[in-house]
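**Q** Counting from 198, one number per residue, gives the positions in the sequence shown under the working numbering.
Attaching a single structure in structure tokens format; questions to follow.
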Amino acid sequence: AGAGSENWSGPGVIDPVNGIFDPGVAGIGSHTISYTYTEGNCTYNASQQIVINAQPSASFTASPLICLTQEATVTYTGGAGPGATFTWNFGGGSAIPGTGAGPHQVSWPSAGPKTIMLTVTENGCDSEPVSQPVQVDAPLEPFAISCETDNTSIVFSWPDVAGATGYQVDVLMGPAGIQNGNTYSVTGLNPGDEVTIQVTAQTDSPCGDIMVEQSCIALDCPDVVLSITPLGPLCEPDAPVALNATATGGAGDGVYTWSGTGVSGNTFDPGAVPQAGNYTINLNYTEGVCQWTASTMVTVNAVPTAGFMVESPVCEDSVSMIMYTGSATAGATFNWDFGGGIAVPGTGAGPHQVHWATAGSKTLSLTVIENGCQSAPVTQDVEVEAPLSPLVISCATTSTSIAFLWDEVAGATSYQVEVLNGGPTGILDGTSYTLTGLTPGQEVEIQVTALSGNSCSDVVATASCVAQDCPPLTATLSGPEAACEGSVVELTLNIQTASTGPFTVVYTVNGATQSEALPAGQSTIALALAESSDIALVSVTNNSLPDCVYNGSSSFTVQVDTPNDAGIAAQPASVCEGADSTLLLTAMLSGADAGGQWQESSATPSTGGAFNAAGATFQPVNQAPGTYMFTYTADNGGVCPVDEATVSVVVAAGPVADAGPAQELACNMGMVTLGSNNTTTGASYQWQAPDGVVLANPNGQFVEAGQPGIYTLTVTNEAGCVATDEVVVTANLEVPSFETQVSQISCFQADDGVISLSNFSGGQPPYQVSFNGGPFGAATQFFNLGANDYSIVVKNGNGCISELSINLEQPEEVIVTLATNIEGENVIQLGDSVRLTAVYNPNITLDTIIWQPDSISFGNSPSVWVSPQVTSSFRVTIVDENGCSDSDQTVVIVEKKHPVFIPNVFSPNGDGRNDVFYIQAGKDVREVRSFQVFNRWGESVFQAYGFQPNDPSKGWDGSFRGEQLNAAVFAYYAEVEFIDGAVVLFKGDVLLMR
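Rendered as structure tokens:
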């Protein structure tokens, strides 16, 4: 019926129901496997023999390192029998015999790492494949040694030799040098010395070292001619002059060394020679170890001196005598500057008499020139003194004194004063003379003499002045009837008089004398009065006329009142919202005057009659939280300002307890912060955690929770009010998953790779992506990507992350170079052709080759021929199968030399050489439009039109009208058109010889 049960048994049976046999469990040998089928009461049996053979080994040995010119020995060591099958892979090498167990001798056509692999099959069982590496080293390549030389050294150098581990230098001829990497320097040579070295490139390779020899010779000294730039003649104090010379015949980079008297470095200093005369300057020129010498002569002349003496000071009406005292002879040139004066005689060495029209300091100067040398300028000052200026006397008077005043007289040494009318003797003080003890109206006359300190005369002046009389004056003093104690009382003083003062005002306060210095007119006197006071004006004195004193007549009384005091307010009282109590406001003041008035001054007044002004009480029950302010006003009815004091009652609001919103623990949120800024600050806090959870700071406004459960916050403010709130903390830790789509970079450095993410799941949205270490954001597509390894991190709303790394590979670069078949610069002659070739990597699969200009395009041909008639630019662009492209361009310069050859002599004698006079040209000629030959009388003897050059049949054979002409000179004209459109007229003479 087919519905029975099956059972397998025997060695190696690992699943008796499904009949699964494992050879590894059974082991090598012959095994009997039994099968039992039971259906109802019927049982059926069968058996089968299974033979398990041993797996052969493919072990072998191989030479690990050989030279490219050597063979590797490969020997099988696995122990398989003769009947086994050996499958060898010699890594591209040639093996002898190459089949069977071997051993085999293997060689390879190229160097590099090689891998030999073997698989052995025996009794139907395949071995595990075994491989052995063989390193095949290439022999070192021969190399060339180059050298650079100068007069004293030779530097040998050679390129890096691939595979070399070092270099050994042996000197075969010459002195030893110093090796530095791939260079060997020999110094201390003489010009012409020869050095021979042998360089051995060393290697660890079995191929062995290689050796190269090289000889070089140090440079000889060249022939050098020295030319010194001439100097002088010079003057002794001249500035140092540069010494210049040129060296012809050498390298030009040598060192010039100068010597001789007055020479310092590369300059000659005329001031450094001991005396005037002729001096030799020597030059030593050195290039390396080579030296050459030369000399020249320079003349140094003495410099004259320009000293002179002057007579100073002098008056305006006299002259100053000028005497020359320098070293110059009479033949020298004297350049005088007499400072604006008139000199007699005024030229030559002098002496000179000089007069000036104005007073002051005059500067004279002299410069002397002799033998081309100019002295340093010498200057002398002459003081020309002017007569004293006139005296102008003024006076300042009081009722008892006169002060005579005058300005300082320039040049005066002192002053003398004489009283002319018998008045009292005064006091001379500089430019003033003061007389005192006068009576009002008394007149005094004086004479003042300014004494001159130079040759000019003294100056005398007289003046008369009268002492002042006392002018009339009235003065009144007034003030307020009452003032507040401690305030400043302002008194008004009014002085009426013609004098400007100032005035000394004397007054009394309760009999005590006080004084002020005040001007004429109305003034204010400020007093601080502590009590009621009697005030009286005593006197007024004119300070400009001290003898003028006026008695005062004003007096009055000022009443002083006591200030009001509303007391000092205590600190604000604080009560809780809803507190049922009565506050006495007067208890919140100290030191207040009795009898004042209360009023509420709150920004938001109390309600329901809570404030009782008459009883000075406040009941905070039923009042909204806030600050309530009450002002007490004290006023005793006097002139003093009222005084106010304000007390405050703070009704504190009940606290707010906000444990914050429900929160969820996630991968990025192992701890959450519970609490809220809505909770009352400045209060006391107590957090209650779920059973078994310990909080680090249960008394803070905020706490950190790391376990799910219910957390309760209790808040108590300063008023003792309490509020509670609770928050629930849950947990979610599922990681996100997503799909990626990658668009690789299209072209080399195109940076247009794209990575897209989609189908996000796992955890709670939103899903955010951090691309290549950047910040997390909502972007899921990333464009314009270059070749690189990019890291992607996806984070879900729970903060759980998944990471992925994606590699964008750089495509092979498409590069094209536009080459020509011209060596050197791209220059052709008009009419020539040039081949343009697009050179690119042949491994690139091209789609399109574009030539520009379009006129030269020939499908996708990588090479074209062009024949430009003008200098032109050509461009080629290649595009591969991916649309990647590159362009290159070149410019072909077309030279239009218009080469046309027309002989100037020919001999039509039939010898086959130069028998025809014809035009020869290159392929840039389109045609010869016309060709005409004329005799000396202007008669045309030959003409041809519209033909190609280089055709003797279009030339002149020396005949005219069928007859040969005699030897003579003929004129020709040829009009030639070139392929670029230019038409050129060629004309000249040709000699016909017989």
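For glycine and all other residues, C-beta sits at the position ideal for the given N, C-alpha and C.
Note that the coordinates shown come from a computational prediction; the quantities given were computed from them, not determined experimentally.
If you reduce the DSSP assignment to three classes, tell me which class M785 lands in.
**A** Helix at M785.
**Q** According to the neighbour-count rule (16 or more other Cβ atoms, all chains shown, within 10 Å of its Cβ), is N748 buried or exposed?
**A** N748 is exposed by the Cβ-count criterion.
**Q** Output yes or no for whether 8 Å exceeds the beta carbon distance between G994 and P963.
**A** Yes. Within cutoff.
**Q** Can you tell me where the alpha helix (DSSP H) holding A223 begins and where it ends?
**A** Its alpha helix (DSSP H) spans residues P220 to A223.
**Q** Could you name the residues that DSSP lists as bridge partners for T913?
**A** S881 and V919.
**Q** Does the segment 1111 to 1121 come into contact with the segment 1068 to 1086, if we say contact requires no fewer than three beta-carbon pairs (one atom in each stretch) closer than 8 Å?
**A** These segments do not touch.
**Q** Drop a sphere of 10 angstroms on the beta-carbon of M494, count the other beta-carbons inside from all chains shown, and report buried for 16 or more, exposed for fewer.
**A** Classification for M494: exposed.
**Q** What does the Cβ neighbour count give for Q411, buried or exposed, with the cut at 16 atoms within 10 Å?
**A** Buried, because 16 or more other Cβ atoms sit within 10 Å of the Cβ of Q411.
**Q** Taking the C-alpha atoms as reference points, what is the distance between T1241 and D1044?
**A** There is no way to answer for residue 1241, as the model of the chain reaches only from 198 to 1191.
**Q** The beta strand (DSSP E) that contains A314, what's its start and end?
**A** Position check: residue 314 holds Met in this sequence, whereas Ala was assumed. Where M314 is concerned, the enclosing beta strand (DSSP E) stretches over G309 to E319.
**Q** Is S1104 helix, strand or coil by DSSP?
**A** Of the three classes helix, strand and coil, the one that applies to S1104 here is coil, per DSSP.
**Q** Taking the alpha carbon of T483 as the reference point, which residue from A499, T454 and G1143 has its own alpha carbon closest?
**A** Closest option to T483, Cα to Cα, is T454.
**Q** Is it buried or exposed, V286, if we count other Cβ atoms within 10 angstroms and call 16 or more buried?
**A** One point to set straight first is that residue 286 is Asn, not Val, in the sequence displayed. The residue is exposed, with fewer than 16 neighbouring Cβ atoms inside 10 Å.
**Q** So, V1031 versus V1063, is the Cβ gap smaller than 8 Å?
**A** Against a cut-off of 8 Å, the Cβ pair of V1063 and V1031 comes out as a contact.
**Q** Taking 8 Å as the CB-CB limit, is C413 close to chain B?
**A** Given the protein chain composition of this structure (a single chain), no chain B is represented.
**Q** As a quick exercise: from L726, P822, C264 and V869, pick the residue whose alpha carbon is nearest that of V846.
**A** Cα-wise, what sits closest to V846 is P822.
**Q** Rounded to whole angstroms, what's the CA-CA distance from G405 to N348? Just pull it up for me.
**A** Rounded to the nearest angstrom, the two C-alpha atoms are 37 Å apart.
**Q** Using only alpha-carbon positions, find the residue among V421, Y1169, Q1161 and S1104 that is nearest to G1135.
**A** Nearest of V421, Y1169, Q1161 and S1104 to G1135, Cα basis: Y1169.
**Q** What residues in its chain sit with their C-beta under 7 Å from that of Q941, if we drop five residues either side in the sequence?
**A** Taken in chain order, the residues that qualify are G950, L1005 and E1006.
**Q** When you compare only the Cα positions, how much space is there between G708 and N833?
**A** If I take the Cα positions, the gap works out to 30 Å.
**Q** Please work out which residues of its chain come closer than 8 Å, Cβ to Cβ, to E1092, disregarding the five sequence neighbours upstream and downstream, and give them in chain order.
**A** Excluding positions up to five away in sequence, the list reads V1024, I1025, Q1026 and L1027.
**Q** From V581, A444 and G543, pick the residue whose C-alpha is nearest to that of I519; which is it?
**A** Considering only alpha carbons, the answer is G543.
**Q** Answer yes if the segment 345 to 360 comes into contact with the segment 311 to 327, meaning at least three C-beta pairs across the two stretches below 8 Å, and no otherwise.
**A** Because the criterion of three Cβ pairs below 8 Å is not met, the segment 311 to 327 and the segment 345 to 360 do not touch.
**Q** For T689 and Q719, which I take to be in contact (beta-carbon distance under 8 Å), what is that distance rounded to the nearest angstrom?
**A** Sure, about 6 Å apart at Cβ, within 8 Å.
**Q** Helix, strand or coil: which one does DSSP assign to D986?
**A** The answer is strand: DSSP assigns D986 an E or B state.
**Q** Taking Cβ to Cβ, would you say A664 is nearer than 8 Å to T710?
**A** No, the pair does not count as a contact, with Cβ atoms beyond the cut-off.
**Q** Within 8 Å, do at least three Cβ pairs link the segment 825 to 843 to the segment 880 to 893?
**A** Segments in contact, no.
**Q** Measuring alpha carbon to alpha carbon, tell me which of K311, Y1142 and T927 ends up nearest P858.
**A** For the residues K311, Y1142 and T927, the minimum Cα distance to P858 belongs to T927.
**Q** Look at the alpha carbon of I249 and the alpha carbon of V327, and state the distance between them as a whole number of angstroms.
**A** In a straight line, the C-alpha of I249 is about 22 Å away from that of V327.
**Q** State the beta-bridge partners of K992 as determined by DSSP.
**A** Q965 and I998, per the DSSP bridge assignment.
**Q** Could I get the ranges of all uninterrupted beta strand (DSSP E) runs contained in the segment 483 to 514, with 3 residues as the minimum, in chain order?
**A** Correct list: 487 to 498.
**Q** Thinking C-beta only, is W795 closer than 8 Å to A810?
**A** Contact: yes.
**Q** Taking C-alpha atoms, which residue in I989, T694 and P895 lies nearest to G971?
**A** For G971, the nearest C-alpha among the options comes from I989.
**Q** Taking contact to mean 3 or more Cβ pairs, one atom from each stretch, closer than 8 Å, check whether the segment 429 to 437 and the segment 367 to 379 are in contact.
**A** Counting Cβ pairs under 8 Å, fewer than three are found: no touch.
**Q** Just to confirm my understanding: we take I407, look at its own chain, exclude 5 residues before and 5 after, and list those with CB closer than 6 Å. What are they?
**A** Cβ neighbours of I407 beyond the five flanking positions: L337 and A398.
**Q** Measure the alpha-carbon distance for T646 versus P587 and round it to whole angstroms.
**A** Their backbone Cα atoms lie some 10 Å apart in a straight line.
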